[in-house]
Amino acid sequence: MSVESTNKVMTQYWNSGHSDVSVMADDVVFTVMADGQEHRTPEGVLGMLNYFYHIAFEANATPSNLVVADGQAVWEGDFHGRHIGEFAGIPATGKEVRVPLCVVYNLENDKITHGRVYFEIPALLQQLGM
132 MSVESTNKVM
142 TQYWNSGHSD
152 VSVMADDVVF
162 TVMADGQEHR
172 TPEGVLGMLN
182 YFYHIAFEAN
192 ATPSNLVVAD
202 GQAVWEGDFH
212 GRHIGEFAGI
222 PATGKEVRVP
232 LCVVYNLEND
242 KITHGRVYFE
252 IPALLQQLGM
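Take the sequence shown: its position 118, counting from 1, is numbered 249 in my numbering, and each next residue is one higher.
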């Protein structure tokens, strides 16, 4: 893939609020690096994202750095919002959180094939009072 085509796919995905699964390969895998949990298929990835952004938290993600290369991209920023549902065994606290987040993407044939999610769990737990 060229840098231009990688940028086109990633811009479409990022502009959709990370919800446009049409840019994902059928066998896409997103790995949460903190615990190794894998989410497979576009629907599985969308379910994981929905849980983080709408069920456990009412949240958004704001980028601070975007890097696009030939078949690779990196999104770095902050996950921020309110804790509204159970997360990691912790019932909803209603607390506001702001957590560093980084996702590294691999692409092939104009599709996202893998995402590695680096989410600062210790920072989150501290903000939730754990």
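Positions of the beta carbon are idealized from the N, C-alpha and C atoms, including for glycine. Predicted, not measured: the structure shown is a model, and the values here were computed from it.
Would you list the residues sitting across from residue i in a DSSP beta bridge?
{"i": "P194", "result": "G208"}
{"i": "H214", "result": "F188"}
{"i": "K226", "result": "The partner list for K226 (beta bridge, DSSP) is empty, contrary to what the question assumes."}
{"i": "A219", "result": "For A219, which the question treats as bridged, DSSP gives no partner whatsoever."}
{"i": "L232", "result": "G208 and F250"}
Cutting at 7 Å between CB atoms, please list the residues of its own chain near residue i, excluding the five before and the five after it.
{"i": "P231", "result": "D209, E251 and A254"}
{"i": "V199", "result": "V134, T137, N138 and M141"}
Under 7 Å between the Cβ atoms of residue i and residue j?
{"i": "L238", "j": "T142", "result": "no"}
{"i": "F218", "j": "A192", "result": "no"}
{"i": "I221", "j": "L180", "result": "no"}
Excluding the 5 residues flanking residue i on each side, which residues of the same chain have their C-beta closer than 8 Å to its C-beta?
{"i": "D157", "result": "T172 and P173"}
Evaluate the contact criterion for the segment 205-215 versus the segment 226-239: three or more CB pairs, one atom per stretch, below 8 Å. yes
Give a yes or no on contact between the segment 235-251 and the segment 156-166, applying the rule of three or more CB pairs nearer than 8 Å. yes
Any chance you could list the beta strand (DSSP E) runs of at least 3 consecutive residues sitting entirely within the segment 134-178, in chain order? 155-163 and 168-171
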